[in-house]
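Below is one structure, written out as structure tokens; comments come after it.
In our numbering, the protein residues as written are 239 to 312.
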């Protein structure tokens, strides 16, 4: 499934994540990848789309960052 760049950015912003936090949670090694995806220069991977869908449905892994920059713990 392809997701357009604007949707990726909107999801990240709705989740309240920086590009750095978002890239780590999607398994990318550097936030420049998220910037490139949001600007339409690269495509988001199928695995990252699955994770993004899970995050948008409410899944939060143990290392989820909270708004203060600390790590979210359940």
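Beta carbons: idealized from backbone N, C-alpha and C, even for Gly.
- Could I get the ranges of all uninterrupted alpha helix (DSSP H) runs contained in the segment 275 to 305, with 4 residues as the minimum, in chain order? 284 to 294
- Could you check how far apart the C-beta atoms of residue 243 and residue 275 are, in whole angstroms? I think they sit under 8 Å. By one-based count along the chain shown, residue 243 stands at place 5. By one-based count along the chain shown, residue 275 stands at place 37. So it is a contact: roughly 6 Å between Cβ atoms.
- In angstroms with no decimal places, state the Cα-to-Cα distance between residue 287 and residue 241. As a first step, residue 287 must be located in the chain shown, where it is residue number 49. As a first step, residue 241 must be located in the chain shown, where it is residue number 3. Distance between the alpha carbons of residue 287 and residue 241 is about 8 Å.
- Query: Rounded to a whole number of angstroms, what is the C-alpha to C-alpha distance between residue 297 and residue 263?
  - Reply: Working through the chain shown from its first residue, we reach residue 297 at position 59. Working through the chain shown from its first residue, we reach residue 263 at position 25. About 12 Å.
- Item | Sequence-distant residues of its chain with Cβ nearer than 7 Å to residue 246 (five each side left out) | Position 8 of the chain shown, counting from 1, holds the residue named residue 246. If we look at residue 246 and ignore the five residues flanking it on each side, its Cβ neighbours are 275, 276, 282.
- Query: For residue 261, which residues of its own chain have a beta-carbon under 7 Å away from its beta-carbon, when the five flanking residues on both sides are left out?
  - Reply: Residue mapping note: residue 261 aligns to position 23 of the chain shown, counting from 1. So the list reads 268, 269, 271, 272, once near-sequence residues are dropped.
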